[in-house]
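Novice: Chains as they are written, first to last, in our numbering: chain F, 126 to 481; chain P, 126 to 481; chain Z, 126 to 481; chain U, 126 to 481. Each residue gets a CB set at the ideal place from its N, CA and C atoms; glycine is no exception.
Protein chains: 4
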Amino acid sequence: MNSYGTLFRISTFGESHGPAIGVIIDGCPAGLTIDESFIQSELNRRKPGQSKITTQRKEDDTFKILSGVFEGQSTGTPIAIVIENQDQRSKDYSHIQNTFRPSHADYTYEAKYGVRDYRGGGRSSARETAARVAAGAVAKLLLKKVGVEINAYVSQVGELKAPAYTSLDLSKSENNIVRCPDAATAEKMIALIDQIRLERDTIGGVVTCVIQNTPVGLGEPVFDKVHAELGKAMLSINAVKGFEYGSGFEGVTLRGSQHNDEFVNEAGKIRTKTNHSGGVQGGISNGEDIYFNVAFKPVATIMQDQSTVDKDGNEAVVSGKGRHDPCVVPRAVPIVEAMAALVLADFYLRAMTSKL
Amino acid sequence: MNSYGTLFRISTFGESHGPAIGVIIDGCPAGLTIDESFIQSELNRRKPGQSKITTQRKEDDTFKILSGVFEGQSTGTPIAIVIENQDQRSKDYSHIQNTFRPSHADYTYEAKYGVRDYRGGGRSSARETAARVAAGAVAKLLLKKVGVEINAYVSQVGELKAPAYTSLDLSKSENNIVRCPDAATAEKMIALIDQIRLERDTIGGVVTCVIQNTPVGLGEPVFDKVHAELGKAMLSINAVKGFEYGSGFEGVTLRGSQHNDEFVNEAGKIRTKTNHSGGVQGGISNGEDIYFNVAFKPVATIMQDQSTVDKDGNEAVVSGKGRHDPCVVPRAVPIVEAMAALVLADFYLRAMTSKL
Amino acid sequence: MNSYGTLFRISTFGESHGPAIGVIIDGCPAGLTIDESFIQSELNRRKPGQSKITTQRKEDDTFKILSGVFEGQSTGTPIAIVIENQDQRSKDYSHIQNTFRPSHADYTYEAKYGVRDYRGGGRSSARETAARVAAGAVAKLLLKKVGVEINAYVSQVGELKAPAYTSLDLSKSENNIVRCPDAATAEKMIALIDQIRLERDTIGGVVTCVIQNTPVGLGEPVFDKVHAELGKAMLSINAVKGFEYGSGFEGVTLRGSQHNDEFVNEAGKIRTKTNHSGGVQGGISNGEDIYFNVAFKPVATIMQDQSTVDKDGNEAVVSGKGRHDPCVVPRAVPIVEAMAALVLADFYLRAMTSKL
Amino acid sequence: MNSYGTLFRISTFGESHGPAIGVIIDGCPAGLTIDESFIQSELNRRKPGQSKITTQRKEDDTFKILSGVFEGQSTGTPIAIVIENQDQRSKDYSHIQNTFRPSHADYTYEAKYGVRDYRGGGRSSARETAARVAAGAVAKLLLKKVGVEINAYVSQVGELKAPAYTSLDLSKSENNIVRCPDAATAEKMIALIDQIRLERDTIGGVVTCVIQNTPVGLGEPVFDKVHAELGKAMLSINAVKGFEYGSGFEGVTLRGSQHNDEFVNEAGKIRTKTNHSGGVQGGISNGEDIYFNVAFKPVATIMQDQSTVDKDGNEAVVSGKGRHDPCVVPRAVPIVEAMAALVLADFYLRAMTSKL
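1) Strictly under 9 Å for the Cβ-Cβ distance: is F:Ser479 near chain U by that measure?
2) If we call anything under 9 Å between Cβ atoms a contact, is F:Ile427 one with F:Asp307?
3) Flag this pair as yes or no: are the beta carbons of U:Val331 and U:Asn418 separated by less than 9 Å?
4) Please state whether the Cβ-Cβ distance between F:Ile409 and F:Val263 is less than 9 Å.
5) What is the rounded straight-line gap between the Cα of P:Ile312 and the Cα of F:Arg380?
6) Please name the residue in P:Val405, P:Gly447 and P:Ala425 whose C-alpha comes closest to that of P:Lys366.
7) So which of Z:Gly143, Z:Ala230, Z:Gln337 and Z:Gly342 has the shortest CA-CA distance to Z:Leu474?
8) State the start and end residues of the unbroken alpha helix (DSSP H) segment that holds U:Tyr234.
9) For a test of the three-state rule: what should DSSP assign to Z:Arg448, helix, strand or coil?
10) Roughly how many angstroms separate the alpha carbons of P:Ala289 and F:Asn223, rounded to a whole number?
11) Please report the Cβ distance between U:Ile221 and U:Val148, rounded to the nearest whole angstrom; I am assuming they are in contact, meaning their Cβ atoms lie under 8 Å.
12) Who does F:Arg396 pair with in a DSSP beta bridge?
13) What residue ranges within the stretch 132-172 of chain F form continuous beta strand (DSSP E) runs of no fewer than 3 residues, ordered along the chain?
14) F:Ser432 by DSSP, collapsed to three states: which one?
15) Would you kindly work out how many angstroms separate the C-alpha atoms of U:Tyr218 and Z:Thr397, rounded to a whole number?
16) Counting only beta-carbon atoms, is U:Ile395 nearer than 9 Å to chain Z?
17) Which of the three DSSP states, helix, strand or coil, is assigned to F:Ala277?
18) Shorter than 9 Å from the beta carbon of P:Ser250 to some beta carbon of chain U?
19) In this structure, what does DSSP give as the bridge partners for P:Thr333?
20) Over what stretch of residues does the beta strand (DSSP E) that includes P:Ala441 continue unbroken?
21) Which residue's Cα is closest to the Cα of Z:Val468: Z:Asp186, Z:Val389 and Z:Glu345?
22) Near Z:Lys357, which residues of its chain fall below 6 Å by C-beta distance, leaving aside the five closest residues on each side in sequence?
23) Is the beta carbon of P:Val434 less than 9 Å from the beta carbon of F:Val389?
24) Are P:Ser322 and U:Thr200 close, meaning C-beta to C-beta below 9 Å?
25) Could you check what DSSP says for P:Leu177 in three-state terms: helix, strand or coil?
26) Pull out every residue of the stretch 420-431 of chain U whose Cβ sits closer than 7 Å to any Cβ of chain Z, in chain order.
27) Skipping 5 residues on each side, what residues in its chain have a beta carbon closer than 6 Å to that of U:Ala287?
28) In chain order, what residues of the same chain lie with their CB nearer than 7 Å to the CB of P:Asp471, ignoring the 5 residues before and after it?
29) Please name the residue, chosen from P:Leu268, P:Phe225, P:Glu184 and P:Lys422, that lies closest to P:Gln165 on a Cα-to-Cα basis.
30) With DSSP as the reference, label P:Leu268 as helix, strand or coil.
31) My output table needs one value for P:Gln406: the three-state DSSP class, helix, strand or coil.
32) Does the Cβ of Z:Thr291 have 16 or more other Cβ atoms within 10 Å, making it buried, or fewer, making it exposed?
33) DSSP beta-bridge partners for F:Glu209?
34) Go to Z:Ile190, then tell me how far its beta strand (DSSP E) extends in each direction, as first and last residue.
35) Bridge partners for P:Ile315 per DSSP, in chain order?
36) Output needed for F:Val303: all residues of its chain with C-beta closer than 6 Å, excluding positions within five of it in sequence on either side, in chain order.
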């Protein structure tokens, strides 16, 4: 289905080249001030055409709230947000009406549904994430009232890696077009992406996200663990291939005696000395930073000829047309934050009924 | 909540030292032959006390079906399975009644619920996964009818890694106690775990899982992508820190021109030449192998003194008592398979309504 | 929440005097021909201003499909339908900004949410049902492919009752403005409603619905019985006070020997001689007609002064302004059908996974 | 599916003649004192063999809590309750292995699932309601902490009706075996049921339920209205044919000017003068009494020969064997209360997130 969340629940709709995309947010508590300019600023961080290292496609991504907000406040009824599609060049896609682009969703949609809106990838287009960003902005507004802060940034492009987040000033992510808070690494990343773009190729990367000031006690044990939901949320973003939190894949090489986070009493507050747990123990937040990495594959659309087959199984050749991103991670940063915000807002509401 | 799945849906219950644990499977189609000896054999693969490198705790893990099966067949009504707890040494846990073990769920449960069954970790104990394995065995029986095969194995312990799955004979995983199909690597892994055990420490590892013969068209686009649900399912297992599928984290260093999987017509069937996609495109299975890695941290319980605090924030020292695993991955193999089976069985049923 | 259904699932949004109302249909199988003129004709049956016995408010209720349909066919992705609001006279409602209308939702919304869009009743307005009718039309298109027919009609207005449905020609419901297929009763009903309208008062009524050609085996035992879901669906419509199916409340006076429906073999098909069961046994359809009655209270808005209180608890007087229905049942007929179609379409999909 | 509720959620399992029936309660907040003797007393009110007007079948209905309760308190984890089946006379049912009892679920289960546990009706047996009563007792314990009181009673048997609830002392329902608080009517009801029993027949009845001291603001607008969920919950009980609340079916004959409930300020509290609304406005509780009627058909099993068909469509004759109730309503009283408690407990938790 096209819904996400239990109590703070979103349902998205829309195809890349249809009239509009959008989202219904159901379960947002009444009484939240809905700052529309903040929603727009979040959409602007995601929108195409921001810089030389993103697609040159132009979309305004201006949104309209159709319901659920009255005199600037949420009313407890569903908040419907619609973003009209613009600058569609559907003709750019007539070549894939009957041909399957490699590593795209063309073949699987065709097989699953027997019919597909091939224009711009239809529903499988990353354009769908604009709806998530709009909803995530509302979730962020809710979380801000509780003090939760969410910051994502580009920590890797190809082989180029930024230092660990604990040594970075996360407020600097927006200082450059690649959204890496480490200026030196950022410069290299931009150069690499630009070079890849000129080679008519694409490259992958990693987005790291840090959630701070989370209340203790969010998350449900067993299946809906905080990190399990974060994992699903991130893996549901187009092009994502991996998720790790806390010590992650590197943690497997450690001994328990190295990995365990000892508890300490810090001025009356129970804290941990280290944070290999990534802020989550037993699936439940412990108040420390929740941090995780999200791996994005290289964008599938490349400006080169590729062998493939058509619907009838005949050999064919396709090449990317239109305007595409050489590397998805800079624009993925606000999407990762949005999904993280949706997960946390949901757990925040769910935690309200944990005990009498 | 303690439920997982949409149409093939399980709900688990039970604490480590309560009278029993169990699971209700709701949504299993009628007419499936329920092979009880298969369920038992799956439980046996997970149970403690199997070998020198697992905990020496003895539990029979014999199960009883209370409903939903009549004359050996599923009837379409809920299948309730109960496993009584045995060999409980609750006294082993009195020392943690008021003290928080590092990197366990003691503190977060206490903070979230204000009350907790501390004996054996209560609900946060890995004992809960026996219920998953029982339910997963039923899911496997369903998938077998469709031809889907699921094989997991230990691919890494500490720094020791097995070769890529494509070069392995997956049927050999059960040939050794560490469940690594590569005999040479297995031997080293066993030696390492044994040494770690003698050091009263623990170590992490990676389980790799391969799903073969999946029908094309399983999975839901947008949020409930095949790999997103697999990711959540795996991350919901105790001690898991990371999930990657297909090219995973390494894929971020590739170019699109290297990473894309070209389509070919193989004797009338549409296949891909390579499989960086890991059998999933746009969230939907494409018929190729679905493969993924699951990272497990070192077990938190170590037989050494560790600093911590008690409920009142006073400094305290805890040491592992009882009988624990020095490395969780050998016993995690059937759990990973069970969760994979639950995900796939659910998608198999969900796909039935995709098109007219 | 604002969603209904398990596999064929709708989520509605919108306030009476906001920019638009609408619905997302998630789970409609791909490959269904979406006849937009049929959707419009269903909306026209519900819209205000149809006749002298309905409100004179004018709303076109023209809709726009934003997604999920490509070249006239459903694609399996969410179908979003939006209906813009027109002819809003929000000023008609300024008198209730701080005053609670008797038997309306003003007080309870205020108490629950602390804020409300009072204009036209906001989300509690029956205008919301237009979204249900649009979605129900899509459900009807799906059911038509299976042969299921749904016909509702007005069977009672005040004390005036039509004969039992088995003696009526249900195709005649649209022959008169009150939607009662019995011409003689219809004439009296129209006269009664017209008189009530002149008295600036309102009156209640009953809608009867008959579902024919239902496949055997729809419905889930225990909680999601066919009639339990129909009951919830009907009771969720504004102004509904009661639901009964089959023998209903009158059936309580019968003996088991009178009430039981004997099975007979009718040309190789298992049928029942009588149908006190109302087409449902053990919560599951048995292929006979499903029929039920839905009781609607008199519309709460009357053109008379009524005593009430304001937000501060001060005594106040309110009188209906604007344009309202003297009796809701004629316009409720397509709403009842729409909700019945949504319930049946959902069960139709759910039944696909009942057995191997 | 076999689950009910959103946040306070139950999943039941079990067949009449299997090893056991039971329920998992998921979402019960931690810190609730679980009074096991209260749960048992509720089960005793439902159990067979209570009096001469109920079935003489003997079942102890003793339960066992397997999880979720520690030292007498709920822990926030799933509460699993199991009731073993006893006194099964499965041989009493061999005659219906291949024959469909009139107005039972035999035929529809067979058609839906292709296989059924025919013994005692299997899952379609009213025995399943014992699980609901056990779970409902826990819900009642939660509601008691908030002050909500739920009282059901038999208000009609056949044509015999008790006076309106407002003139009755609801605490007297348990004073007689038919559970009607009006002694004179109770006496007549008992005589009637006893006579029906001697005639080897059965008869229907009505249970009325009154919920008092409900907080204002429970219930969700649109689909999950308080009365819509109550309606579904009641209609999901075996043998129920109708549901009405507040003015119900009789309300349709009233004028709006008679039916509307005027608001008054009663010592600083907003109340309504009359209560045709039945305590619910716009789907949300307004603090007045919630009251409703539930119609039960005559029990389908009668001790008389009835014509029917077998699986192959051949004519056959069946007669009730075993021990059955001549009238279901006395034992239905605690079931109605249990379902009402489950609905209210769920809405109580859901309301916690309505506003900031």
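Specialist: To lay it out plainly:
1) For F:Ser479, a Cβ of chain U is located within less than 9 Å of the residue's own Cβ.
2) No, Cβ-Cβ distance for F:Ile427 and F:Asp307 is not below 9 Å.
3) Yes.
4) In this structure, F:Val263 does not lie closer than 9 Å to F:Ile409 by Cβ.
5) It should be noted that the sequence gives Glu, not Ile, for residue 312 of chain P. P:Glu312 and F:Arg380: Cα-Cα distance of roughly 19 Å.
6) With distances taken between Cα atoms, P:Lys366 lies closest to P:Ala425.
7) Among Z:Gly143, Z:Ala230, Z:Gln337 and Z:Gly342, the Cα nearest to that of Z:Leu474 is on Z:Gly342.
8) Here the alpha helix (DSSP H) through U:Tyr234 covers Asp231 to Tyr238.
9) If DSSP states are grouped into helix, strand and coil, Z:Arg448 belongs with coil.
10) So the alpha carbons of these two residues sit roughly 35 Å apart.
11) Contact flag wrong, Cβ pair sits at about 27 Å.
12) Beta-bridge pairing by DSSP links F:Arg396 to F:Val389.
13) As for any beta strand (DSSP E) of minimum length 3 sitting wholly inside the stretch 132-172 of chain F, the runs are 134-139 and 145-151, ordered along the chain.
14) Three-state result, F:Ser432: strand.
15) Take the alpha-carbon of U:Tyr218 and the one of Z:Thr397: they are about 22 Å apart.
16) At least one chain Z Cβ lies under 9 Å of U:Ile395.
17) Correct three-state label for F:Ala277: strand.
18) Closer than 9 Å: no.
19) Answer is P:Tyr278 and P:Asn418.
20) That run of the beta strand (DSSP E) goes Glu440 to Val443.
21) Checked all of Z:Asp186, Z:Val389 and Z:Glu345; the closest Cα to Z:Val468 is Z:Glu345.
22) Once the five neighbours on either side are set aside, Z:Lys357 has no close Cβ partner at all.
23) Yes, Cβ-Cβ distance for P:Val434 and F:Val389 is below 9 Å.
24) Going by the sequence as given, residue 322 of chain P is Arg instead of Ser. No, Cβ-Cβ distance for P:Arg322 and U:Thr200 is not below 9 Å.
25) The residue you asked about is not Leu; residue 177 of chain P is Lys in the sequence shown. P:Lys177 sits in coil when the DSSP states are folded into three classes, being neither helix nor strand.
26) Those residues of the stretch 420-431 of chain U that come within reach of chain Z (Cβ to Cβ, closer than 7 Å) are Ala420, Phe421, Lys422, Pro423, Val424, Ala425, Ile427, Gln429 and Gln431.
27) So the list reads Ser280, Cys305, Asp307 and Thr310, once near-sequence residues are dropped.
28) The beta carbon of P:Asp471 is closer than 7 Å to those of Gly130, Thr131, Leu132 and Phe133 in its chain, skipping five residues each way along the sequence.
29) Distance from the Cα of P:Gln165 is smallest, within the candidate group P:Leu268, P:Phe225, P:Glu184 and P:Lys422, for P:Glu184.
30) Three-state result, P:Leu268: helix.
31) Three-state result, P:Gln406: strand.
32) By the neighbour-count rule (16 or more Cβ atoms within 10 Å), Z:Thr291 is not buried but exposed.
33) Among the bridge pairs identified by DSSP, F:Glu209 is matched with F:Ala145.
34) Its beta strand (DSSP E) spans residues Phe188 to Ile190.
35) Under DSSP, P:Ile315 shares a beta bridge with no residue.
36) Cβ within range, chain order: Val279, Ala311, Met314, Ile315 and Pro455.
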